[in-house]
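Down below is the structure, laid out as structure tokens.
Residue numbers (the numbering used here): 17 to 390.
Written out as structure tokens, the structure is:
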């Protein structure tokens, strides 16, 4: 394995996130950020936190993928700029107790705080680009998140809730932008077919509190109710390897599952597929975003605050199904949302906010001169 800073492959820009793991939402995020960078500098200068040999290297020739621990290590003397731009980074879920130091060890921000501290904060610039923050359960999680963000040079977040969380931690240099995946999604989404009775249900594994096994059972029962009324139902996984157990359960009940397969799939095609239904119900935020963006009547299945926050931000606060809903309530909500749907979100405001923040990121990268060859 080659070191990051050897020979002609010295890389001074790192993009850190939950990337190259086969998660469709994070694939949208990484694609947008890498395209922005590509418009500004050569991708030969970029290293991405992802498994070595990831499909992202095929999508964006020139980048290198390596685990974050190998990128953010003291021996990497070439690294000058670090961009945080993916999901799954700045939160801490329950349980919060003495065993995990009041949320400290359950907070992914801890590993970044430790690694960046070992690199030396003063010799690099850091940019948190359109990230989401929270929930932060426990004193330890809040402490380490405050310590990490206090060193960031630039911070933009996806929603007001993230900004409020950081403000309570005395982090005030925060701009509210939006979720950057909306730009790619808007490019590829198609007009939905209102005259058909088709519903796509985006499900997921959830290995923490709350227990969603009952919700999966109710969704399967709701699918049977809808089938009896002439609906076509498809279950959708946005991360096939992660959702494997739930997929097997759903298929064992005779339902069809289509999964995002990053190794062989294409983002435009999958965006068009996701937005081809007459109703979309989603346990993932990016399913909600794509549905609303394309004008598909969309329901958020609330397994975490992020779903409710996303629905509210993008003009859909009333179509959120509680975790404890039964099959009849879910099936009825799907039928009702199709009948009463109206597109209320002002997307141009979101696009403008993203355009402004994206230009700021380009300008932040631009001042660097090309790396001297050695």
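By construction, the Cβ of each residue, glycine as well, lies at the ideal position given by its N, Cα and C atoms.
Since the model is a prediction, treat every value here as computed from it, not as a measurement.
Query, Result
"7 Å Cβ shell around residue 293 - same chain, five flanking residues per side excluded", "208, 214, 215, 216 and 312"
"Completely contained alpha helix (DSSP H) runs for the stretch 139-219, where each covers 4 or more residues", "155-165, 176-184 and 197-204"
"Presumed contact (8 Å Cβ cut-off) between residue 57 and residue 381, rounded CB distance", "6 Å"
"Nonlocal neighbours in the same chain, by C-beta distance under 7 Å from residue 19, ignoring five residues either side", "With a pLDDT of 41 at residue 19, under the threshold of 50, the modelled position of this residue cannot be trusted; read the value that follows with caution. Cβ within range, chain order: n/a, list empty."
"For residue 65, the three-state DSSP class (helix, strand or coil)", "strand"
"Three-state secondary structure (DSSP) of residue 77", "strand"
"Whole-Å CB distance - residue 177 paired with residue 142, under 8 Å assumed", "Contact flag wrong, Cβ pair sits at about 22 Å."
"Backbone CA spacing between residue 193 and residue 112 [nearest angstrom]", "30 Å"
"Identity of the residues DSSP links to residue 248 by a beta bridge", "214"
"Status (buried if at least 16 other CB within 10 Å, exposed otherwise) for residue 74", "exposed"
"Residue from 352, 91, 156 and 84 whose Cα sits closest to the Cα of residue 398", "The structure shown has nothing for residue 398, since the chain only spans 17 to 390."
"Buried or exposed by the 16-neighbour rule on C-beta atoms within 10 Å, applied to residue 280", "exposed"
"Length at least 4, wholly inside the stretch 232-295: the alpha helix (DSSP H) runs in chain order", "260-268 and 283-290"
"Assigned exposure category for residue 187 - 16 Cβ within 10 Å defines buried", "buried"
"Inter-residue Cα distance where the pair is residue 189 and residue 155", "22 Å"
"Beta-bridge partners of residue 57, as assigned by DSSP", "BP columns for residue 57 are empty, so no partner."
"Beta carbon of residue 149 nearer than 9 Å to that of residue 182", "yes"
"Residue from 26, 40 and 28 whose Cα sits closest to the Cα of residue 258", "40"
"Whole-Å CB distance - residue 50 paired with residue 79, under 8 Å assumed", "7 Å"
"Residue closest to residue 284, alpha-carbon to alpha-carbon, out of 197, 369 and 65", "197"
"Close beta carbons around residue 261, own chain, < 6 Å, minus the five adjacent residues each side", "none"
"Nearest-angstrom Cα separation, counted from residue 145 out to residue 372", "12 Å"
"Between the CA atoms of residue 162 and residue 22 - distance to the nearest angstrom", "Bear in mind that the predicted position of residue 22 carries a pLDDT of just 41, short of 50, making it unreliable; the figure below should be weighed with that in mind. The straight-line gap from Cα to Cα measures roughly 34 Å."
"Beta-bridge pairing of residue 316 - partner residues as DSSP gives them", "298 and 336"
"Beta-carbon proximity of residue 102 to residue 158, cut-off 9 Å", "no"
"Residue span of the beta strand (DSSP E) that contains residue 96, given as start and end", "Element bounds for residue 96: n/a, residue is neither H nor E."
"Residue from 166, 199, 201 and 200 whose Cα sits closest to the Cα of residue 184", "166"
"Reference residue 299, options 366, 352 and 222, closest by Cα", "222"
"Residue span of the beta strand (DSSP E) that contains residue 29, given as start and end", "29-32"
"Option in 368, 110 and 350 with minimal Cα separation from residue 227", "110"
"Three-way DSSP call (helix, strand, coil) for residue 37 in this model", "coil"
"Residue 390 to residue 70 span [Cα, whole Å]", "Any reading at residue 390 must be qualified, since the residue scores a pLDDT of 31, below 50, and its modelled position is unreliable; the value itself is stated next. For residue 390 and residue 70, the distance between alpha carbons rounds to 27 Å."
"Closest Cα partner of residue 195 within the set 128, 304 and 131", "304"
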